[in-house]
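Written out below as structure tokens is the structure these notes cover.
Protein chains: 2
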Amino acid sequence: MARTQGFDRDVVVRAARTLFWRAGFEGASVPALEEATGLSRSSIYNTFGSKRGLFDAAVQSYLDEVIRPRLRPLKADVVAPEAVLTYLDGLREAFARTDSMSATSGCLLINTATAPVVHDGEVARVVADYRDELRAAIGSGVAAYLDAAAPEERERLADAATGLSIAAFALVRIAPAEADRTLAAARDLLTAARDQAARAY
Amino acid sequence: MARTQGFDRDVVVRAARTLFWRAGFEGASVPALEEATGLSRSSIYNTFGSKRGLFDAAVQSYLDEVIRPRLRPLKADVVAPEAVLTYLDGLREAFARTDSMSATSGCLLINTATAPVVHDGEVARVVADYRDELRAAIGSGVAAYLDAAAPEERERLADAATGLSIAAFALVRIAPAEADRTLAAARDLLTAARDQAARAY
DNA sequence: TATATACTGGACCGAGCGTTTCAGAAACTG
DNA sequence: CAGTTTCTGAAACGCTCGGTCCAGTATATA
Chain A
0 MARTQGFDRD VVVRAARTLF WRAGFEGASV PALEEATGLS RSSIYNTFGS
50 KRGLFDAAVQ SYLDEVIRPR LRPLKADVVA PEAVLTYLDG LREAFARTDS
100 MSATSGCLLI NTATAPVVHD GEVARVVADY RDELRAAIGS GVAAYLDAAA
150 PEERERLADA ATGLSIAAFA LVRIAPAEAD RTLAAARDLL TAARDQAARA
200 Y
Chain B
0 MARTQGFDRD VVVRAARTLF WRAGFEGASV PALEEATGLS RSSIYNTFGS
50 KRGLFDAAVQ SYLDEVIRPR LRPLKADVVA PEAVLTYLDG LREAFARTDS
100 MSATSGCLLI NTATAPVVHD GEVARVVADY RDELRAAIGS GVAAYLDAAA
150 PEERERLADA ATGLSIAAFA LVRIAPAEAD RTLAAARDLL TAARDQAARA
200 Y
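So the sequence lines, in the order shown, correspond to chains A and B.
Once you know that position 96 of the first sequence is 95 in numbering that gives the first Met the number 0, the rest is easy, because the numbers rise by one and skip nothing.
Once you know that position 195 of the second sequence is 194 in numbering that gives the first Met the number 0, the rest is easy, because the numbers rise by one and skip nothing.
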């Protein structure tokens with residue numbers, strides 16, 4: 000009866016996501032979004048309602064396709080001891096591939112945390128929820144890695160590894176080498192804590 | 000012979016700085032800058048050449064009047080052992096005063112690091128230089144605090160404390176409690192390292 | 001094949017942007 | 001007090017912004 004949609008919604012959202020990631024919410028203009036998605040303005044507004052609607056879809060896509068796959072090993076019921084190191088190393092590898100989105104543009108959500116659009120409370124909550132999710136995942140990873148450490152030490156190291164990951168994302172655009180050092184520091188903190196625990200036996 | 004300037008440049012730059020801090024470079028419109036500074040558009044352009052020129056002046060003012068006073072104890076020829084803890088505690092106090100600029104708006108330069116304007120290479124360099132300055136200052140503070148620790152451990156902890164300070168600034172707008180935890184983690188890392196060094200005797 | 005449905009392209013909207021311009025007011029200097 | 005210089009206010013610039021609208025077209029169903 001009705002004509003079917005002539006584009007793949009996921010593909011469109013992914014294209015918009017890339018532009019928002021690179022340019023930020025404010026920096027991605029509607030004409031630029033048209034070009035990136037291949038959609039005309041009316042299709043964008045018909046499908047997503049507004050620029051914000053498209054941004055929200057892009058953020059969800061970012062969480063589902065970029066963030067969570069990387070965090071999956073840390074969110075599993077049983078977490079591998081080395082999973083938290085693998086996470087940090089995976090981030091460093093992404094930063095080292097200088098043409099990767101992570102290297103050129105950091106993290107869509109961390110970029111958003113310091114952008115004007117965050118004054119919209121709903122956006123701020125999404126970003127804060129992301130931080131909590133990251134913290135919980137790293138917390139599991141640290142617990143699996145330092146199974147013998149005192150709880151307060153594990154919490155402290157999980158806070159530190161989470162913060163250092165966030166700092167690395169904030170830095171990678173302007174100082175990629177220093178972003179890598181920041182992640183290396185997180186890794187070293189964990190391995191040093193483990194070495195010390197082993198020595199305590 | 001010539002008429003003298005009818006306003007105090009420093010006062011004007013300070014007012015602009017506050018607005019840029021709150022709203023970011025892109026978010027601070029020229030009309031809003033007029034209102035904040037009390038200057039008319041022509042005076043702004045006559046004095047600073049462009050919005051970017053005013054922003055650059057605001058950034059310098061931020062470095063000179065906000066950042067460097069806080070870092071001064073860490074940059075002195077002889078650094079007090081506890082100075083790095085005092086720095087972290089001072090940051091936490093500022094974050095706890097929920098009406099302070101730091102609590103509501105984080106750090107002007109870290110906000111800029113993830114903003115579109117950073118694609119201007121000159122702006123990116125200023126932000127990267129700030130990170131280096133912060134890292135060097137914290138490095139001195141860590142060296143003074145952990146005078147007996149191994150050099151590689153001091154470097155690692157200095158990288159960590161620097162990164163965690165940056166993460167706290169990135170987070171404070173959207174998750175102030177977590178920003179405080181991030182700084183607390185930095186502090187605990189340092190004190191734990193010192194306790195452990197003491198125990199080694 | 002006829003029809004109904006909704007996707008699509010492109011013109012258009014008002015608003016706000018950063019910047020330029022210029023005439024006139026202000027006030028130091030000689 | 002006259003002259004010169006510079007600051008200042010206001011208006012207008014061209015442009016881009018996010019968003020709306022509608023006629024035309026494509027297509028799945030009956």
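Glycine included, C-beta positions come from ideal geometry on N, C-alpha and C.
Beta carbon proximity, residue i to chain B, threshold 8 Å
i, result
"A:A159", "yes"
"A:L170", "yes"
"A:T215", "The structure shown does not extend to residue 215 of chain A, since chain A spans only 0 to 200, so no value can be given for it."
"A:G140", "no"
"A:R198", "no"
"A:I66", "no"
"A:A166", "yes"
Partners in chain A for residue i, counting only beta-carbon separations shorter than 7 Å
i, result
"B:R8", "Correct list: empty, because the minimum Cβ distance to chain A is about 27 Å."
"B:G105", "T113"
"B:E177", "R130"
"B:T181", "D158 and G162"
"B:L87", "Simply none; closest approach about 12 Å."
Neighbour list for residue i in chain A, Cβ cutoff strictly below 9 Å
i, result
"B:G5", "Ordered by position in chain A, no residue passes the 9 Å Cβ test against B:G5, which lies about 32 Å from the chain."
"B:A93", "Within chain A, no residue comes near B:A93; the closest Cβ sits about 17 Å away, beyond 9 Å."
Amino acids of chain A, ordered along the chain, whose beta-carbon sits closer than 8 Å to that of residue i
i, result
"B:A57", "Per Cβ cutoff of 8 Å: no residues; B:A57 is ~16 Å from chain A at best."
Listed by chain order, chain B residues near residue i by CB distance under 9 Å
i, result
"A:A127", "L170, I173, A174 and E177"
"A:V117", "R172 and I173"
Cβ-heavy atom distance, residue i to the ligand ZN, below 7 Å
i, result
"B:R193", "Looking at this structure, you won't find the ligand ZN or any other ligand, since it has none at all."
Proximity test, Cβ basis, 8 Å: residue i and chain A
i, result
"B:A155", "The amino acid at residue 155 of chain B is misidentified as Ala; the sequence shows Arg. Yes - at least one Cβ of chain A is within 8 Å of the one on B:R155."
"B:G137", "It should be pointed out that residue 137 of chain B corresponds to Ile in this sequence rather than to Gly. No - not a single Cβ of chain A is within 8 Å of the one on B:I137."
"B:A149", "no"
"B:A79", "no"
Contacts of residue i in chain B (Cβ-Cβ under 7 Å)
i, result
"A:A123", "I173"
"A:A22", "P115"
Interface residues of chain B facing residue i [CB-CB closer than 8 Å]
i, result
"A:A102", "Within chain B, no residue comes near A:A102; the closest Cβ sits about 14 Å away, beyond 8 Å."
> Between the region 24-54 of chain A and chain B, which residues of the former have a C-beta closer than 7 Å to a C-beta of the latter?
Replying inline: Among the residues of the region 24-54 of chain A, those with a Cβ less than 7 Å away from any Cβ of chain B are E25 and G26, in the order of the chain.
>> Counting beta carbon pairs with one atom in the region 96-106 of chain A and one in the region 6-13 of chain B, are three or more of them shorter than 8 Å?
In response: Taking 8 Å as the limit for Cβ pairs, the verdict is that the region 96-106 of chain A does not touch the region 6-13 of chain B.
>> Can you pull out the residues from the region 184-195 of chain A whose beta carbon lies closer than 8 Å to at least one beta carbon of chain B?
In response: Taking 8 Å as the upper bound on Cβ-Cβ separation, chain B lies near residues A184, A185, D187, L188, A191 and Q195 of the region 184-195 of chain A.
> Taking contact to mean at least 3 C-beta pairs separated by less than 8 Å, is the region 169-176 of chain B in contact with the region 63-82 of chain B?
Replying inline: Counting C-beta pairs closer than 8 Å gives fewer than three between the region 169-176 of chain B and the region 63-82 of chain B, which falls short of the contact rule.
> Is there contact between the region 112-125 of chain B and the region 112-125 of chain A, where contact requires at least three CB pairs shorter than 8 Å?
Replying inline: These segments touch.
>> Three or more C-beta pairs under 8 Å: does that hold for the region 88-97 of chain A against the region 138-156 of chain B?
In response: Cβ pair count under 8 Å is below three, so no.
>> Under 8 Å: do the region 181-197 of chain B and the region 175-185 of chain A share three or more Cβ pairs, one atom per stretch?
In response: Contact between the region 181-197 of chain B and the region 175-185 of chain A is absent: fewer than three C-beta pairs spanning the two stretches fall below 8 Å.
> Are the region 19-30 of chain B and the region 113-133 of chain B touching by the rule of at least three beta carbon pairs closer than 8 Å?
Replying inline: The region 19-30 of chain B is in contact with the region 113-133 of chain B.
> Using 8 Å as the threshold, is the region 43-54 of chain B in touch with the region 133-143 of chain B, meaning 3 or more CB pairs across them?
Replying inline: When C-beta atoms of the region 43-54 of chain B are compared with those of the region 133-143 of chain B, fewer than three pairs fall below 8 Å, so the two segments do not count as touching.
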